[in-house]
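A.B. asks:
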Amino acid sequence: MAIAQLTKHRQLGLSDEQVIEMYRIMMLARKFDERGLILQRAGKINFHVSGIGQEAAQVGAAFALENQKDYFLPYYRDYALVLSIGMTVKDLMLAIFAKAEDPNSGGRQMPGHFGYKKHNIVTGSSPVTTQVPHAVGFALAAKLKKQDFVSFVTFGDGSSNQGDFHEGLNFAGVHKLPVIFMCENNQYAISVPYHKQVGCARIADRAIGYGFPGIAVDGNDVLEMYRVVKEARERAIRGEGPTLIEAIVYRVSPHSTSDDDMAYRTKEEVDKHILNDGIPKFRAYLEGIGIWNEDKEAAMQQEIALEIKEATEYGDKAPFPTPESTLRYVYAEEGDL
Ligand SMILES: Cc1ncc(C[n+]2csc(CCOP(=O)(O)OP(=O)(O)O)c2C)c(N)n1
Numbered sequence: 051m052a053i054a055q056l057t058k059h060r061q062l063g064l065s066d067e068q069v070i071e072m073y074r075i076m077m078l079a080r081k082f083d084e085r086g087l088i089l090q091r092a093g094k095i096n097f098h099v100s101g102i103g104q105e106a107a108q109v110g111a112a113f114a115l116e117n118q119k120d121y122f123l124p125y126y127r128d129y130a131l132v133l134s135i136g137m138t139v140k141d142l143m144l145a146i147f148a149k150a151e152d153p154n155s156g157g158r159q160m161p162g163h164f165g166y167k168k169h170n171i172v173t174g175s176s177p178v179t180t181q182v183p184h185a186v187g188f189a190l191a192a193k194l195k196k197q198d199f200v201s202f203v204t205f206g207d208g209s210s211n212q213g214d215f216h217e218g219l220n221f222a223g224v225h226k227l228p229v230i231f232m233c234e235n236n237q238y239a240i241s242v243p244y245h246k247q248v249g250c251a252r253i254a255d256r257a258i259g260y261g262f263p264g265i266a267v268d269g270n271d272v273l274e275m276y277r278v279v280k281e282a283r284e285r286a287i288r289g290e291g292p293t294l295i296e297a298i299v300y301r302v303s304p305h306s307t308s309d310d311d312m313a314y315r316t317k318e319e320v321d322k323h324i325l326n327d328g329i330p331k332f333r334a335y336l337e338g339i340g341i342w343n344e345d346k347e348a349a350m351q352q353e354i355a356l357e358i359k360e361a362t363e364y365g366d367k368a369p370f371p372t373p374e375s376t377l378r379y380v381y382a383e384e385g386d387l
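In the working numbering, the protein residues as written are 51 to 387.
Below, the structure is given as structure tokens:
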């Protein structure tokens, strides 16, 4: 491997500690996700929707943004993204167990519906792509208030066919708003493959119709994701407007625990894409430059296993919301506003 490649993260301004933390969060999200699938199969939780295969894209993007300053409008596969922003595995477990202490919705929403004021994570709604015009609204606020934050919104490839996507991108392009649109193109919208949803070669190509750049990136390459999102943020802050980023990934799991993906794709196809997994690739990079090894990996895996175990037990034992609290957050109460 050439030296330039070996030290790519340093050229991007990332420290060794930061890239190790990126790797840890990618692995933490993966392990949380795998536990979620098991908990659903064991009948402990009702439903799980997985982000396996999308972690590198999410972590690369999150590290290029500014926590506590930027606004985040994630979609349901973004566990690695929200963990990078500051949510904990305990928070995620409370959500999938639908417990009262769930910071997203007090156990009322489906899993993967994030919303956490403390971390500038804007609450999302179940109809896909509604978060796109919301993100454009946040970017409009930044421009009107002359504040230097960006809004960052994610969605799937199927979602880029919704009216909300096109209306949002058009408005943002016209007004040159500081918003980053990131499509996590995992090749499927439930059972519908990419070539049956989208007429153009790349989703990134759609940006030109709205007057701003569209960039397609290998979403399994965490450092390249970081580079592209960082540039998009700098453009936005300079007042040059939005960027559409298409992170090319593959949805390794079925759409959700309610889906049988073998009805519309083969195991061979899935296995072929698993070879591109961004997590082992990044581990190989870290080992190649001598900042990671077997012993460090073993210690990290042990810590992650313990964190997942403790969070699972906490989520499992935590109380459900009480029936009397059903109408809370539906109508304003004294002290809510
Ligand atoms: C407006 C709307 N239509 C349909 C659905 C049902 N639905 C939930 S997820 C999904 C697939 C979305 O695919 P994509 O945007 O590619 O994201 P992915 O799930 O592949 O990550 C659909 C059709 C919905 N939630 N909202």
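Even glycine gets a Cβ: it sits at the ideal position worked out from N, Cα and C.
Could you spell out where the alpha helix (DSSP H) holding S134 opens and where it closes?
C.D. replies: Its alpha helix (DSSP H) spans residues 129-135.
A.B. asks: Less than 6 Å between C-beta atoms, sequence neighbours within five positions excluded: which residues of the same chain meet that for Q237?
C.D. replies: Taken in chain order, the residues that qualify are Y244, Y300.
A.B. asks: Between P371 and the rest of its own chain, which residues show a CB-CB distance below 6 Å, the 5 nearest in sequence each way excluded?
C.D. replies: Same-chain partners within the cutoff: A150, G156, G157.
A.B. asks: Going by Cα to Cα distance, which pick from I287, A185, E281, N326 is closest to E105?
C.D. replies: Measuring from the Cα of E105, the nearest candidate turns out to be N326.
A.B. asks: Buried or exposed: N170, going by 16 or more other Cβ atoms within 10 Å of its Cβ?
C.D. replies: When all chains shown are included, N170 counts as buried.
A.B. asks: Tell me the start and end of each unbroken beta strand (DSSP E) in the region 259-306 that is at least 3 residues and wholly inside, in chain order.
C.D. replies: Entirely contained in the region 259-306, the beta strand (DSSP E) runs reaching 3 residues are, in chain order, 264-268, 293-298.
A.B. asks: Using only alpha-carbon positions, find the residue among L190, S176, P124 that is nearest to Y166.
C.D. replies: Of the listed residues, the one whose Cα sits closest to Y166 is P124.
A.B. asks: If we count the other Cβ atoms within 10 Å of its Cβ and call it buried at 16 or more, is Y260 buried or exposed?
C.D. replies: Buried is the call here.
A.B. asks: To the nearest whole angstrom, what separates the beta carbons of Y129 and G103, a pair I think is in contact under 8 Å?
C.D. replies: The Cβ separation is near 12 Å, so there is no contact.
A.B. asks: With DSSP as the reference, identify every bridge partner of F231, one or two as the case may be.
C.D. replies: Bridge partners of F231: V203, L294.
A.B. asks: Figure out for me which residue from H59, I230, D66 has the closest Cα to the Cα of W342.
C.D. replies: For W342, the nearest C-alpha among the options comes from D66.
A.B. asks: So, with DSSP's three-state summary, where would you put I171?
C.D. replies: Three-state DSSP puts I171 in a strand.
A.B. asks: Under the assumption that L115 contacts V279 (Cβ atoms under 8 Å), give the Cβ distance between them as a whole number of angstroms.
C.D. replies: The pair is a contact, with the Cβ atoms about 7 Å apart (cut-off 8 Å).
A.B. asks: Quick one: measure Cβ to Cβ for P292 and F332, integer angstroms, because I've assumed they're closer than 8 Å.
C.D. replies: Wrong, their Cβ atoms sit about 28 Å apart, outside the cutoff.
A.B. asks: Near Q164, which residues of its chain fall below 6 Å by C-beta distance, leaving aside the five closest residues on each side in sequence?
C.D. replies: The identity of residue 164 in the sequence shown is Phe, whereas the question assumes Gln. Contacts found: P124, V132, N154, I171.
A.B. asks: Check whether the Cβ atoms of E357 and L62 lie closer than 9 Å to each other.
C.D. replies: No, Cβ-Cβ distance for E357 and L62 is not below 9 Å.
A.B. asks: Have a look at the DSSP bridge pairing and note the partners of A239.
C.D. replies: Answer is V242.
A.B. asks: How many Å lie between D198 and D120 at the Cα?
C.D. replies: In a straight line, the C-alpha of D198 is about 9 Å away from that of D120.
A.B. asks: Is Q90 buried or exposed, if buried means 16 or more other CB atoms sit within 10 Å of its CB?
C.D. replies: Buried, since its Cβ has 16 or more Cβ neighbours within 10 Å.
A.B. asks: Using 8 Å for Cβ pairs, my map puts A254 next to G264. What's the rounded Cβ distance?
C.D. replies: Confirmed, about 4 Å.
A.B. asks: Could you work out which residue in F262, M312, D366, A266 is closest to C250 when comparing CA atoms only?
C.D. replies: The residue with the shortest Cα to Cα distance from C250 is A266.
A.B. asks: Within 10 angstroms of the Cβ of D152, are there 16 or more other Cβ atoms? Answer buried if so, exposed if not.
C.D. replies: Label assigned to D152: buried.
A.B. asks: CA-CA distance, I287 and A185?
C.D. replies: Their backbone Cα atoms lie some 15 Å apart in a straight line.
A.B. asks: Using a Cβ-Cβ cut-off of 8 Å (strictly less than) and excluding sequence neighbours within five positions of D309, which residues of its own chain qualify?
C.D. replies: Result list for D309: I240, S241, in chain order.
A.B. asks: Kindly indicate which three-state DSSP category F370 falls into: helix, strand or coil?
C.D. replies: F370 falls in the coil class under three-state DSSP.
A.B. asks: If you count every other CB in all the chains shown that lies within 10 Å of the CB of Q352, and 16 or more means buried, which is it?
C.D. replies: Answer is exposed; the Cβ neighbour count stays below 16.
A.B. asks: Pull up the CB-CB distance for P228 and K193, whole angstroms please, since I reckon it's below 8 Å.
C.D. replies: About 7 Å; that satisfies the 8 Å criterion.
A.B. asks: What is the residue span of the alpha helix (DSSP H) that L123 lies within?
C.D. replies: Element bounds for L123: not the alpha helix (DSSP H) but the beta strand (DSSP E), 121-123.
A.B. asks: Any idea which residues DSSP pairs Y166 with across the strands?
C.D. replies: The partner list for Y166 (beta bridge, DSSP) reads I171.
A.B. asks: Taking the alpha carbon of L144 as the reference point, which residue from H98, T180, A107, V109 has its own alpha carbon closest?
C.D. replies: The shortest C-alpha separation from L144 is found at H98.
A.B. asks: Does the beta carbon of L87 sit closer than 9 Å to a beta carbon anywhere in chain C?
C.D. replies: Given the protein chain composition of this structure (a single chain), no chain C is represented.
A.B. asks: At a cut-off of 8 Å, would you count F205 as near ligand 1, judging by its Cβ distance to the nearest heavy atom?
C.D. replies: For ligand 1, at least one heavy atom lies less than 8 Å from the Cβ of F205.
A.B. asks: Does at least one heavy atom of ligand 1 sit under 8 Å from the Cβ of N236?
C.D. replies: Yes, since a heavy atom of ligand 1 falls inside the 8 Å radius drawn around the Cβ of N236.
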